[in-house]
Amino acid sequence: MKEFLQRKNIYFSLKRYGVDCLSAMAQGLFCSLLIGTIIKTLGQQTGIEYLVTIGSYAAAMAGPAMAISIGFALQAPPLVLFSLAAVGGAANELGGAGGPLAVLIIAILAAECGKLVSKETKVDILVTPFVTIFVGVALSTLLAPGIGTAASSLGRLIMWATELQPFLMGIIVSVLVGIALTLPISSAAICAALSLTGLAGGAAVAGCCANMVGFAVMSFRENKWGGLISQGIGTSMLQMGNILKNPRIWIPPIIASAITGPLATCVFRLQMNGTAVSSGMGTCGLVGQIGVYSGWINDIAAGTKTAITAFDWVGLILISFILPAVISLLVGNLLRKIGWIGENDLKLE
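Going letter by letter, the sequence shown gives residues 1 to 349 in this note's numbering.
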């Protein structure tokens, strides 16, 4: 059995399922729901109806895009990979608000089952797609509603707790999501799976920005403009190798997230009422900020917000850019002076 599984490229690994698949799912979300929402918002603001149509089509493909991305991470054969489109569509639809988590679990199971039978018969063109789709849709029918309900319930619990205790939960959500963004897992996929929006989503944005902008600014002396851009609007995950060598370099961004999180929830009441995946993106392509803005537009359209105020813009800019940069730089310089951060400890290879 062990040799058979190895031949089928099936390895039961926390890294493969919990890191590779989650990261791939986030890319699938980005290339469908997220970019679709951005295009749709652009169309709504410019009055170009065609952009609204394009964005709507892209967003509607979130389920298939996530499932195919997961299959790609699992190195699924072509027939399995293409069959996952139907699986993702079913799991995402039946999973409701918690659809992304349902897609993650069910797409993994369906892909591995498809890989088991791939190229084992002379009618592979029939057997492999049938097994992959049958298993995936059957599991979606049985499991997706429960998975979706559990995920959305947990998300609602976090959001409820943030409304009830905005200071404490502002710190917790900001720090944890910011850490997840820098680790080799996907904070965007986590936020999407939990449907994390509202004040909790705003705290998540703060934590992500604190890590991305924080590392970008405090490492400017080592990495110059290239590092500033690659980390500031790319990803702070680039510092993971340096963190393993000297974990103390993570202290300034974490402190920044612990400060900006409660400021976002208690002072500026920063809410992410756009797509939940945007909560875990931070300043990556300015997706977090675009998500907050699209949320403002949604609130105005729904009648829950009268207009976008100057205070809204000040809060978004301070939380996203200025405060993370200033706090991380000050704390980072202090740690350099006491010897906790050495020369080139933050240098990117």
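Note that CB positions come from ideal geometry on N, CA and C, so glycine has one too.
TODO: State the DSSP-derived secondary structure class of Met-281, mapped to helix, strand or coil.
DONE: Note: Met-281 maps to coil in three-state DSSP.
Open item on the list: Check whether the region 321-337 and the region 249-267 are in contact - that is, three or more C-beta pairs closer than 8 Å.
Closed with: Flag = yes, the region 321-337 and the region 249-267 touch.
TODO: Could you say if the region 233-253 and the region 151-162 meet the contact criterion of at least three C-beta pairs nearer than 8 Å?
DONE: No, because fewer than three Cβ pairs between the region 233-253 and the region 151-162 fall closer than 8 Å, the two stretches do not touch.
Open item on the list: So, with DSSP's three-state summary, where would you put Met-25?
Closed with: Looking at Met-25 - three-state DSSP - the assignment turns out to be helix.
TODO: Helix, strand or coil for Met-272, going by three-state DSSP, please let me know.
DONE: Here Met-272 sits in strand by DSSP.
Task: Secondary structure of Pro-77, DSSP reduced to three states - done: Coil, per DSSP.
Open item on the list: Measuring CB atoms only, is the region 38-50 touching the region 75-91, in the sense that at least three cross pairs come out at less than 8 Å?
Closed with: Because the criterion of three Cβ pairs below 8 Å is not met, the region 38-50 and the region 75-91 do not touch.
Task: Run of the alpha helix (DSSP H) containing Val-175, from where it starts to where it stops - done: Run containing Val-175: 166-182, per the alpha helix (DSSP H) assignment.
TODO: Tell me, please, whether the region 175-189 touches the region 5-25 by the rule of three or more beta-carbon pairs shorter than 8 Å.
DONE: Yes: at least three Cβ pairs fall under 8 Å.
Task: Inter-stretch contact at 8 Å, needing at least 3 Cβ pairs: the region 264-274 / the region 195-209 - done: Taking a contact to require three or more Cβ pairs closer than 8 Å, the region 264-274 and the region 195-209 qualify as touching.
Task: Whole-angstrom distance between Ala-210 and Ala-256, CA atom to CA atom - done: If I take the Cα positions, the gap works out to 6 Å.
TODO: Compute the Euclidean distance between the alpha carbons of Gly-280 and Cys-191, then round it to the nearest angstrom.
DONE: Each residue's CA atom was taken as its position, placing Gly-280 and Cys-191 some 6 Å apart.
Task: Terminal residues of the alpha helix (DSSP H) in which Phe-220 lies - done: Run containing Phe-220: 220-232, per the alpha helix (DSSP H) assignment.
Task: alpha helix (DSSP H) runs wholly inside the region 182-218, at least 4 long, in chain order - done: Correct list: 187-193 and 198-218.
- [ ] Could you tell me the boundaries of the alpha helix (DSSP H) in which Arg-336 lies?
- [x] First-last of the alpha helix (DSSP H) with Arg-336: 323-337.
- [ ] Give the single residue among Leu-94, Leu-116 and Val-117 whose Cα lies nearest to the Cα of Ile-106.
- [x] When Leu-94, Leu-116 and Val-117 are compared, the shortest CA-CA separation from Ile-106 is found for Leu-94.
Task: Segment contact, 8 Å Cβ cut-off, at least three pairs: the region 133-143 with the region 81-93 - done: Touching, yes, given that three or more Cβ pairs across the two stretches are closer than 8 Å.
Open item on the list: How far does the alpha helix (DSSP H) with Asn-344 in it extend, from its first residue to its last?
Closed with: Per DSSP, Asn-344 belongs to no alpha helix (DSSP H) and is neither H nor E.
Open item on the list: Counting C-beta neighbours from all protein chains within 10 Å, is the total for Gln-239 16 or more, i.e. buried, or is it exposed?
Closed with: With 16 or more neighbouring CB atoms inside 10 Å of its own CB, Gln-239 falls in the buried class.
TODO: Could you tell me whether the Cβ atoms of Gly-282 and Ser-195 are closer together than 8 Å?
DONE: Contact flag unset, no.
TODO: Name the residue from Ile-125, Lys-119, Gly-28 and Lys-8 whose alpha carbon lies nearest to the alpha carbon of Glu-112.
DONE: Considering only alpha carbons, the answer is Lys-8.
Open item on the list: Classify Gly-226: buried if its beta carbon has 16 or more other beta carbons within 10 angstroms, exposed otherwise.
Closed with: Exposed, since its Cβ has fewer than 16 Cβ neighbours within 10 Å.
Open item on the list: Just verifying my parser: in three-state terms, what is the DSSP assignment at Glu-349?
Closed with: Correct three-state label for Glu-349: coil.
Task: Where Leu-30 falls: helix, strand or coil (DSSP) - done: The sequence given here has Phe at residue 30, not Leu. In this structure, Phe-30 counts as helix in the three-state DSSP scheme.
Open item on the list: Need the endpoints of the alpha helix (DSSP H) that Lys-119 sits in, please.
Closed with: Lys-119 -> no alpha helix (DSSP H), and no H or E assigned at all.
Task: Nearest neighbour of Leu-329, chosen from Val-267, Thr-306 and Met-212 [CA to CA] - done: For the options Val-267, Thr-306 and Met-212, the alpha carbon positioned closest to that of Leu-329 is the one of Met-212.
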